Amino acid sequence: MLRTPWDYTLPSFLKPTVAIGDRKVIAPSSDTNSNDLAEKTDPQPTGSVTEKRAVNMLIIRRKKMKKHKLRKLRKRMYALWAKRRYRREKLKEQAFRAELLAQIHEAQAFDAEKFVTGVLEKLRNRPRPETPEEKREKLLELMRKHRSNVQYIKPKFD
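Take the sequence shown: its position 110, counting from 1, is numbered 110 in UniProt numbering, and each next residue is one higher.
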């Protein structure tokens, strides 16, 4: 269990002094265990709950500080962010203009007669679908062609 600062009783800061002649000298401590500065006591019983005060005020203070820091950051970085925003918009505009120019060049290079003749050629020279007999014949031809390349693995019988 963590101990809170009020669990300890601390010795006083005033050390006993002894007068030797006309000078005052700090007397050595009479404790045998002078390394321990704080006297340890038992923690408070858990039944007593310490009352929290000004919790909401602390929360409000943190919110205000965050708001203040954000305002300060915006004020400090406004010019830099505006510069970046301007650069982004400029690059977008350049890309958009390049795309428009590409479309214009494509439109200028378009030849309607050539396009129509190409479409008509595709329609005239459309390949007809293969019949099942043609597919079978094609497959048999491939099998005949590659028959000599087949290598058989003979099984070993014991």
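Idealized CB from N, CA, C, for every residue including glycine.
Predicted model, so just to flag it, every value in this text is computed and none were measured.
- In the structure shown, GLU130 falls within a coil segment according to DSSP collapsed to helix, strand and coil.
- Rounded to the nearest whole angstrom, the C-alpha separation of ARG53 and ILE59 is 12 Å.
- Per DSSP, reduced to three states, the secondary structure at ARG85 is helical.
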